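Structure, as structure tokens:
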Amino acid sequence: MTENQPSFNPDKNRFELTIDGHTAIIDSILAKGNVMFLTHTEVPKALEGGGIGKRIVEYALNYIKNHNYTLAPLCPFVAAYLKRHPEWKSILADGYNIG
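Printed below as a string of structure tokens:
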């Protein structure tokens, strides 16, 4: 299995993780006020069930935290992850509550 580390692709405004030629992604939008919207997560069928979605979400959340952005979790997969990991509540943008 050829595996890369997750990364942020600024040209496509998305987080990416490529494994064996298949790329999992999280689409993002950086808005004024340094609010990053995570809008869509997609994991190819070939990678489903291997924890790839979790890995890319964790990378995205750490990226947001390390860049002093706040998070607007519009993607249901990201929102579900946050419900299971309340330690990330501190990076939520004003008006967003995962509970």
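Heads up: the sequence shown at position 16 corresponds to 16 in full-length UniProt numbering, and the numbers run straight through without jumps.
Every residue gets a Cβ at the ideal spot worked out from N, C-alpha and C, and that includes glycine.
Quick caveat: nothing in here was measured; it's all calculated off a predicted structure.
If you compare the alpha carbons of Pro73, Tyr81, Lys32 and Phe37 with that of asparagine 13, the shortest gap goes to Phe37.
Along the length of the UniProt domain "N-acetyltransferase" (7–93), whole alpha helix (DSSP H) runs at least 4 residues long occupy 52–66 and 76–84, reported in chain order. For the pair aspartate 94 and serine 7, the Cα-to-Cα distance works out to about 26 Å.
Around the C-beta of proline 86, fewer than 16 other C-beta atoms lie within 10 Å, and the residue is accordingly described as exposed. The beta carbon of lysine 45 lies closer than 6 Å to none in the same chain, with the five residues before and after it left out.
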